[in-house]
Amino acid sequence: MEQGSTSETEPKSLQAPASTPSSSSSPSPSLEDVMKLLRGKTDSQRLAGLLLVTKFCDKNDQHTILNVYHALGSTFLHRLLLTGMGKGTGGADNANREAYLRLSVTVLAAFARVSQIAATDEMLAKVPLILEVMSGEYGSCLREDCHEFLFLVSTAHENGVITLYESGGINVLASQMPTLPDGSHVMELAMKLVQLIISKLPAEKVYVDHPSELSKMVAAIAKQFAVLHNALKFEALHILSTVLSSNYSGTLNAVLQSMTHGDWSTSMRAGIMDILQNRVAPAEKLQALVLAECVISIIGVEWLIGPVTLHEAHSSSPADRCMLLVLESSRVEIAVILNELAYLKYEASKNSPPNAETFLVKLRDLGVAFSLVERIIKLISRFGDNEGLNSTSIISESTFTKIIGGLNETVGVVLEYLQDAKDHGERKGDDLLASVRLVGSYLAEAPHACRDKVKELLGYMLSVQGEDESSPFHSISFLLPLLCQITMKNDGCKIFASAGAFDAVVGCLISFIGSKSSRIEDGSTIFLACDTILNFLLKREQLHLSLDNSSSVKLLQALSHWTEDTLDTSVIMMASSICSLILDATSEEALLRHPDFNMDNLIALSQLIKRSLVTCGQDMMSHDANSEADLHQIISSGYCSWRDRFPVIREVVER
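For what it's worth, our numbering labels the leading residue of the sequence shown as 10, then goes sequentially.
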């Protein structure tokens, strides 16, 4: 490259050329003439050449642009940019400054379109300056060229994205994206920059350090997702689902949750509905479901019901439309994925084992659809539980009917999948466990749904294990709400007994109360298991149902040990009630003949019975006195019935 004069190497202020060629008075100059000016010895010549380049050169002619870059060199353009920014050593007036700034940024953007130039260190060094220009007084006039330059250099240079980040790119993007025109090219470039940042940089850098900035970006992109109807809508969908589903998005989610205005979530609802109710690729619909799950995780399942337009504009869509679309799309997704999983497991595996990665992807997608259906189940049940919520005023009667129909159909499909697994002898797998969980969630609210199929599969469902489980546990806990309800009726107790559910629930309860890592929320599950066992024991004799001796002995031992150090009267009364009903079906002699039961166990059991009777006698029951009074009745009447068969217990109680 030809070397210039001193002005080429020493930074100084650029002055406007004395004159520039006029296209009206002379023919267009040749490229060779322009190149001579660019290689000129004075700034005026170079500036004139640069003006001609912008006027006569095709911005898509990369070969010519590359020649211009080599002819001009990087130093002159750098000084031109600095002068335009007011950083030059001279004193160009404001009019010239703006002209120099516009020219330099335009040329830089043109240079960056040539990847060979964009990948140079000279272009990388301009990234902080361009970000500064964007934040300055003329930034709004130059933002498209600035965004284009940043995107092209960040893409081409191996250090482009990290330089953009370390130069404050996230802050600049966050401040400007809300002001960019909807659907504009500059908005598209800004979104591509966001995509680069979140895909190329370590998540802890972006998500943990910049939750506030990311929240502004999410809101801006969500608006594009709502209002656009072109390819950019899908770009917005992909960015939003990637950002919100990140393992590092917790702090960002908290910021979004705290936003006083809900435009971002309304935009999400509108965009997701557009995707789900139109003919788009299945992968895009799945992405929309992933995004819906993310939004619900942030602000709650109530988000499924609400307006779909911004700023109170009129909408022809009812408020419950989103919920119906999400349920219907999830139902279809579940049917498709379960069919694919069944094929992979039982058909394709005949020739070769299923691809592990493919299987895991299917499981992940199934988890999203299952989660959405479970959330809708809980939302619908809330309408029924809370008298203050009139479901017909929030969702239409026709929608409610469609939702119930959709849920019934979905659970039916899942039960068929479980039947298929049972027929193939499969009892272990996270897909099976997730299926049991969904069935349990729905049947907890509608215990009579799919009654015949549930009766047929109940024993199998109680035997299902997760991939990492050594024995059934979670499947039983998922079904406890259903089991507790059906054991309130005689027919339900018969189903419970025929499915071997007593042994299963006893094993689950023993695992819960024997665990050293029990969580606070496990307390409600423990009492649910206790209630289920109690329901069954109360009807056992009337229905002539037998008890498994081994399970009963283990339960007596576990309950007496569980209550040894507790002062919680509700725990004492519940445990003692169950023990009293079990003792009514046996004798002291029979218990002591059991190889796993000894005198120490009997003494511990005696102490539990005594404490429960003393608790009632001294009026020490908890705030739930009515319930505990019922339990006391069970204990006291039971004790009177079997005390003569248990002399050791009688001696401990009455001494």
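Backbone N, C-alpha and C fix where the C-beta goes; we use that ideal spot for every residue, glycine too.
Note that the structure is predicted; figures quoted are calculated from it, not measured.
Checklist entry - From which residue to which residue does the alpha helix (DSSP H) around Q428 run? => result Note, Q428: alpha helix (DSSP H), E406 to D432.
Next on the checklist: Let's test the definition: count the other Cβ atoms within 10 Å of the Cβ of M608 and tell me whether it reaches 16, buried, or not, exposed.
Outcome noted: exposed
Checklist entry - Along the chain, which unbroken stretches of the beta strand (DSSP E) at least 3 residues long are found entirely within the stretch 101-132? => result Complete beta strand (DSSP E) runs here, min 3: none at all.
Checklist entry - Got a sec? Which residues, its chain only, sit under 7 Å from L492 by beta carbon, not counting five neighbours each side? => result F505, A510, V514 and T541
Item to check | Cβ pair count under 8 Å reaching 3, the stretch 131-142 against the stretch 160-168 | outcome: yes
Checklist entry - Can you round the beta-carbon distance between C502 and F545 to whole angstroms, since I take them to be within the 8 Å contact cut? => result 6 Å
Next on the checklist: Please state whether the Cβ-Cβ distance between V422 and I346 is less than 8 Å.
Outcome noted: no
Item to check | K64 - partner residues in DSSP beta bridges | outcome: Paired residue(s): none; K64 is not in a bridge.
Checklist entry - Relative to the C-alpha of I74, which residue among A121, A108, A229 and L86 is closest? => result Minimum Cα distance to I74 is reached at A121.
Checklist entry - Could you give the residue range of the alpha helix (DSSP H) that holds P656? => result P656 to E663
Next on the checklist: Please report the distance separating the alpha-carbon of L81 from that of D67.
Outcome noted: Cα-Cα distance, rounded: 17 Å.
Checklist entry - If you draw a straight line from the alpha carbon of G475 to that of Q296, how long is it in whole angstroms? => result 26 Å
Next on the checklist: Tell me the residue span of the alpha helix (DSSP H) that contains E454.
Outcome noted: D439 to E454
Next on the checklist: Here's the rule: buried if 16 or more other CB atoms are within 10 angstroms of the residue's CB, otherwise exposed. What is C155?
Outcome noted: buried
Next on the checklist: Please state the DSSP three-state secondary structure of Q551.
Outcome noted: Of the three classes helix, strand and coil, the one that applies to Q551 here is coil, per DSSP.
Checklist entry - Under the rule that 16 or more other beta-carbon atoms within 10 Å means buried, what is K232, buried or exposed? => result buried
Checklist entry - Who are the Cβ neighbours of D593 in its own chain at under 7 Å, not counting the five residues just before and after it? => result For D593, where only same-chain residues beyond five positions count, the Cβ hits under 7 Å are G647, S650 and W651.
Next on the checklist: Suppose the cutoff is 6 Å on Cβ atoms and the five residues either side in sequence are ignored; what does the same chain contact list for N640 look like?
Outcome noted: Checking the sequence shown, residue 640 turns out to be Leu, not Asn. Hits under 6 Å: M582 and S586.
Item to check | Beta-carbon proximity of I230 to A212, cut-off 8 Å | outcome: no
Item to check | At least three beta-carbon pairs within less than 8 Å, the stretch 245-254 to the stretch 276-295 | outcome: yes
Item to check | Closest by C-alpha distance to L489, when choosing among R446, H457 and N499 | outcome: R446
Checklist entry - Whose CA, out of F655, I618, V662 and V657, lies closest to the CA of I644? => result Put simply, of F655, I618, V662 and V657 the residue whose alpha carbon is nearest the alpha carbon of I644 is I618.
Checklist entry - Can you name the start and end residues of the alpha helix (DSSP H) that P490 belongs to? => result H483 to I495
Checklist entry - Which whole-angstrom value describes the C-beta separation of L427 and S450, a residue pair presumed to lie in contact below a C-beta threshold of 8 Å? => result About 14 Å; that fails the 8 Å criterion.
Next on the checklist: Let me check one thing: in DSSP terms, what residues is Q474 bridge-paired to?
Outcome noted: K437
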